[in-house]
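In terms of our numbering, the sequence shown opens at residue 9 and continues consecutively.
Every residue gets a Cβ at the ideal spot worked out from N, C-alpha and C, and that includes glycine.
See structure below.
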Amino acid sequence: MKAEGQSAREQYEKLMEQGIYVRYYQLPRLADMLRITVGTEAEMEEVYAALSRMIEQLSC
Numbered sequence: 009m010k011a012e013g014q015s016a017r018e019q020y021e022k023l024m025e026q027g028i029y030v031r032y033y034q035l036p037r038l039a040d041m042l043r044i045t046v047g048t049e050a051e052m053e054e055v056y057a058a059l060s061r062m063i064e065q066l067s068c
């Protein structure tokens, strides 16, 4: 997911604030991407809800 107006680093920080741990690599080819690995369905729902909130806030 690449949200317009928000860098991968900003997305990473917002998810970390919510207790959602994702990978951010500050490397030239990966600096605009996040790596997300989800274990359980409950975790997936939590990540999806957090990302949906982030997208909603950007569109306001």
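Under the criterion of beta carbons closer than 8 Å, residue 44 and residue 55 qualify as touching, at roughly 6 Å.
Judged by DSSP secondary structure, residue 66 falls within the alpha helix (DSSP H) whose first and last residues are 49-67.
Beta-carbon to beta-carbon, residue 19 and residue 42 are separated by about 6 Å, close enough to satisfy the 8 Å threshold. Taking the Cβ atoms as the reference, residue 28 lies roughly 12 Å from residue 50, outside the contact range of under 8 Å.
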